[in-house]
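First to last, the protein sequences are chains V and X. Sequential numbering from 0 applies to the first sequence in numbering that gives the first Met the number 0. Sequential numbering from 0 applies to the second sequence in numbering that gives the first Met the number 0. Think of the CB as a built atom: it goes at the ideal place given N, C-alpha and C, for glycine as much as any other residue.
2 protein chains.
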Amino acid sequence: MTQILDGKKVAADLRESIKAFIQKKQISPHLVVFLTHSNPASSIYVKNKLTACAEVGMRTTLIEQPASSEAELTKLLASYATNKDVDGILIQLPLHQNIDTKYVLQQIPPEKDVDGLHPINLGKLVQADPSGFIPCTPLGICTLLDAYKIPIRGKHVVIIGRSITVGKPLALLLSQKGKDATVTLAHTATEHLEELCSSADIIVAAAGTPNLITPPMVKKTTTIIDVGINRVEGKIVGDVDPSVYQLCAAISPVPGGVGPMTIASLLQNTLKGYLAYH
Amino acid sequence: MTQILDGKKVAADLRESIKAFIQKKQISPHLVVFLTHSNPASSIYVKNKLTACAEVGMRTTLIEQPASSEAELTKLLASYATNKDVDGILIQLPLHQNIDTKYVLQQIPPEKDVDGLHPINLGKLVQADPSGFIPCTPLGICTLLDAYKIPIRGKHVVIIGRSITVGKPLALLLSQKGKDATVTLAHTATEHLEELCSSADIIVAAAGTPNLITPPMVKKTTTIIDVGINRVEGKIVGDVDPSVYQLCAAISPVPGGVGPMTIASLLQNTLKGYLAYH
Numbered sequence: 000m001t002q003i004l005d006g007k008k009v010a011a012d013l014r015e016s017i018k019a020f021i022q023k024k025q026i027s028p029h030l031v032v033f034l035t036h037s038n039p040a041s042s043i044y045v046k047n048k049l050t051a052c053a054e055v056g057m058r059t060t061l062i063e064q065p066a067s068s069e070a071e072l073t074k075l076l077a078s079y080a081t082n083k084d085v086d087g088i089l090i091q092l093p094l095h096q097n098i099d100t101k102y103v104l105q106q107i108p109p110e111k112d113v114d115g116l117h118p119i120n121l122g123k124l125v126q127a128d129p130s131g132f133i134p135c136t137p138l139g140i141c142t143l144l145d146a147y148k149i150p151i152r153g154k155h156v157v158i159i160g161r162s163i164t165v166g167k168p169l170a171l172l173l174s175q176k177g178k179d180a181t182v183t184l185a186h187t188a189t190e191h192l193e194e195l196c197s198s199a200d201i202i203v204a205a206a207g208t209p210n211l212i213t214p215p216m217v218k219k220t221t222t223i224i225d226v227g228i229n230r231v232e233g234k235i236v237g238d239v240d241p242s243v244y245q246l247c248a249a250i251s252p253v254p255g256g257v258g259p260m261t262i263a264s265l266l267q268n269t270l271k272g273y274l275a276y277h
Numbered sequence: 000m001t002q003i004l005d006g007k008k009v010a011a012d013l014r015e016s017i018k019a020f021i022q023k024k025q026i027s028p029h030l031v032v033f034l035t036h037s038n039p040a041s042s043i044y045v046k047n048k049l050t051a052c053a054e055v056g057m058r059t060t061l062i063e064q065p066a067s068s069e070a071e072l073t074k075l076l077a078s079y080a081t082n083k084d085v086d087g088i089l090i091q092l093p094l095h096q097n098i099d100t101k102y103v104l105q106q107i108p109p110e111k112d113v114d115g116l117h118p119i120n121l122g123k124l125v126q127a128d129p130s131g132f133i134p135c136t137p138l139g140i141c142t143l144l145d146a147y148k149i150p151i152r153g154k155h156v157v158i159i160g161r162s163i164t165v166g167k168p169l170a171l172l173l174s175q176k177g178k179d180a181t182v183t184l185a186h187t188a189t190e191h192l193e194e195l196c197s198s199a200d201i202i203v204a205a206a207g208t209p210n211l212i213t214p215p216m217v218k219k220t221t222t223i224i225d226v227g228i229n230r231v232e233g234k235i236v237g238d239v240d241p242s243v244y245q246l247c248a249a250i251s252p253v254p255g256g257v258g259p260m261t262i263a264s265l266l267q268n269t270l271k272g273y274l275a276y277h
């Protein structure tokens, strides 16, 4: 029987513990979200994030205003960047195609950068400096693996996809001392992907390619984390071929796996931002 | 016949081209080196760095003064950090055991951080933002592989050792789009290291363990980069067992491989620091 790594349940538990903490301490961290480039998926993500914040007792402000240049976005950002009542700032990606995303991410004060994408936070992740913010999806994946006590020390984790939101920070996080996984970062140019995956103890599929993970890549002992979000014939599917589900030891499914964990990790980061400066 | 990746020669060519550029432009970049914790190896490294700078026409200042607290070192650093005539600042590691190295590295202005260890430069490496400084040893290894046209795109590179000076930044660098290697970061906790290495196209040994790389880990097609610097019976040896030399396709030896490349890369970074702000 394949074990389902139930992100929905683990995320609900995490949200519950954050809610209890916030109530006990009688605090109300404040997250500001910028939605500057209209896109149906982004709107849904933002709505889910705001709802989750409200449910645990956090305050939110949504700045929904189109921006098509760095100057416009930086101007929108300015007053929130310096406002001491703002604990976290999140700029929903992707941005308008004319905007240099790296430049904009650098305009968020690192101590409010709850998405963990400012270079100083990514650099702290390289240094294993716990004072930084860890990007939400990698953080959520680690929490999920922890919750199910999946061993990672010394194990071979193959991550497919080298984005700065998932693949690269997850590779850094799992390689850290104390976690001690052996991590391979694979991507579109990787040769012999099938062979590589079949040697893995854990496969993290974050390529955004439906049916990328197929039966020959998987053993009975493999744990799979599906991070894909692909729209196929109006349905959301991950990167893992459905026939793989019954062949592996454990799987975090799409939907109901990493998605809810990412949002719960955002709450965790916002609370961390609040606590670091209060 | 095993090909020797002659770091001494490639580094000499690189230094020559930097020297020619500096002469042509009639400039003289200025590097300041802090040696605050006495240690025979550190003294030799610093001397080699200063000599290399002088030979290409760069100016150097050596601040050789013991510091056993963050406050002392930060104070030493202060006037050089703000001095516009200083293009690069390097704090020789390791520091005194009482000092938090991460804290001190953050006090170097990122635009003078020629060792590339400030979190903002490490973070830019995660983002593949070319405006940052890349740590000297990883940069030198890439230049050496390039010089010998060793293919890396799609190839499997196994790096052993997860330091912030070598293993982690090299993994990030080789994984970038355009370089496109498939990188595995291995370390002391890695299980089945022999099997993992035997599947590699390129092995980078940066563990600081003599004789770590043994014949069963190597194929006739393997390229090996030895980054180890170990003192054994008064001699400097790398991480690769000597019996491996004749079994692989190519090897960067110790000494005469990565060491000179690291120093040449420091010159490259110092010149980059100068050019970015003049």
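Check	Outcome
Do we get a CB-CB distance below 8 Å when we pair X/Ala185 with the residues of chain V?	yes
Run the CB neighbour count on V/Ser242, radius 10 Å, all protein chains shown included, and call it buried at 16 or more, exposed below.	exposed
With H, G and I counted as helix, E and B as strand and the rest as coil, what does DSSP make of X/Val55?	helix
So, are the CB atoms of X/Leu184 and V/Ser174 less than 8 Å apart?	yes
What does the alpha-carbon distance come out to for the pair X/Val231 and X/Pro252?	16 Å
Spell out the partners DSSP gives V/Ser251 in its beta bridges.	V/Ile224
At 4 residues or longer, what runs of the alpha helix (DSSP H) sit wholly inside the segment 85-122 of chain V?	100-104
Buried or exposed for V/Met57, please, with buried defined as at least 16 other CB atoms from any protein chain shown within 10 angstroms of its CB.	buried
Can you list the residues of chain V that X/Ser162 reaches, using a CB-CB cut of under 7 Å?	The premise fails here: X/Ser162 is roughly 10 Å from chain V at the closest Cβ pair, so nothing lies under 7 Å.
Since X/Asn229 sits in a beta bridge, which residues does DSSP pair it with?	X/Val236
Short of 7 Å in beta carbon distance, which residues of its chain neighbour V/Val165, apart from the five on each side in sequence? Order them along the chain.	Thr136, Pro137, Ala205, Val226
Ends of the alpha helix (DSSP H) at V/Phe33?	No alpha helix (DSSP H) contains V/Phe33, which is instead part of the beta strand (DSSP E) from 29-34.
At 8 Å on the CB atoms, spell out the chain A contacts of X/Leu89, in chain order.	Protein chains in the displayed structure are V and X, and chain A is not among them.
Only counting the same chain, and skipping five residues up and downstream in sequence, which positions put a Cβ closer than 7 Å to that of V/Gln259?	Here residue 259 of chain V is Pro; the residue named in the question, Gln, does not match the sequence. So the qualifying residues of the chain are Gly6, Lys7, Ala10.
Ignore the nearest five residues each way along the sequence and tell me which others in V/Val32's own chain have a CB closer than 6 Å to its CB.	Val45, Leu61, Leu89
Check each residue of the segment 209-229 of chain X: if its Cβ is closer than 7 Å to any Cβ of chain V, include it; give the result in chain order.	none
Is X/Ile119 near V/Gly115, with beta carbons less than 8 Å apart?	no
Between the alpha carbons of V/Lys154 and X/Leu49, how many angstroms are there, rounded?	43 Å
Given V/Ala53, which residues of its chain have a CB within under 8 Å of its CB, disregarding the five upstream and five downstream residues?	Thr59
DSSP three-state call for X/Ala185: helix, strand or coil?	strand
Do you know whose CA, among V/Leu72, V/Ile250, V/Arg161, lies nearest V/Leu94's CA?	V/Leu72
Output yes if chain X places a C-beta closer than 8 Å to the C-beta of V/Leu171; else output no.	yes
Taking V/Ile149 as the query, report the chain X residues whose CB atoms sit under 7 Å from its CB, ordered along the chain.	What V/Ile149 touches in chain X: nothing, since even the nearest Cβ is about 15 Å away.
Determine the DSSP secondary structure at X/Gln267, reduced to helix, strand or coil.	helix
Given X/Gly160, which residues of its chain have a CB within under 6 Å of its CB, disregarding the five upstream and five downstream residues?	Gly166, Ala205, Ala206
Helix, strand or coil for V/Glu63, going by three-state DSSP, please let me know.	strand
Please say whether V/Ser197 and V/Pro168 have beta carbons closer to each other than 8 Å?	no
Going by the CB atoms, is the gap between X/Val203 and X/Ile158 shorter than 8 Å?	yes
Check the Cβ of V/Lys101 against every Cβ in chain X and list those closer than 7 Å, keeping chain order.	Gln126, Asp128
Quick one: what does DSSP say V/Ile140 is sitting in, helix, strand or coil?	helix
Near X/Leu75, which residues of its chain fall below 8 Å by C-beta distance, leaving aside the five closest residues on each side in sequence?	Phe33, Thr35, Ile62, Gln64, Ala66
Of all the CB atoms in chain X, is at least one closer than 8 Å to the CB of V/Lys123?	yes
V/Glu110 touches chain X at which residues, Cβ-Cβ below 7 Å?	Ordered by position in chain X, no residue passes the 7 Å Cβ test against V/Glu110, which lies about 13 Å from the chain.
DSSP three-state label for V/Ile202, please.	strand
Run the CB neighbour count on X/Ile235, radius 10 Å, all protein chains shown included, and call it buried at 16 or more, exposed below.	exposed
Any Cβ of chain X within less than 8 Å of the Cβ of V/Ile43?	no
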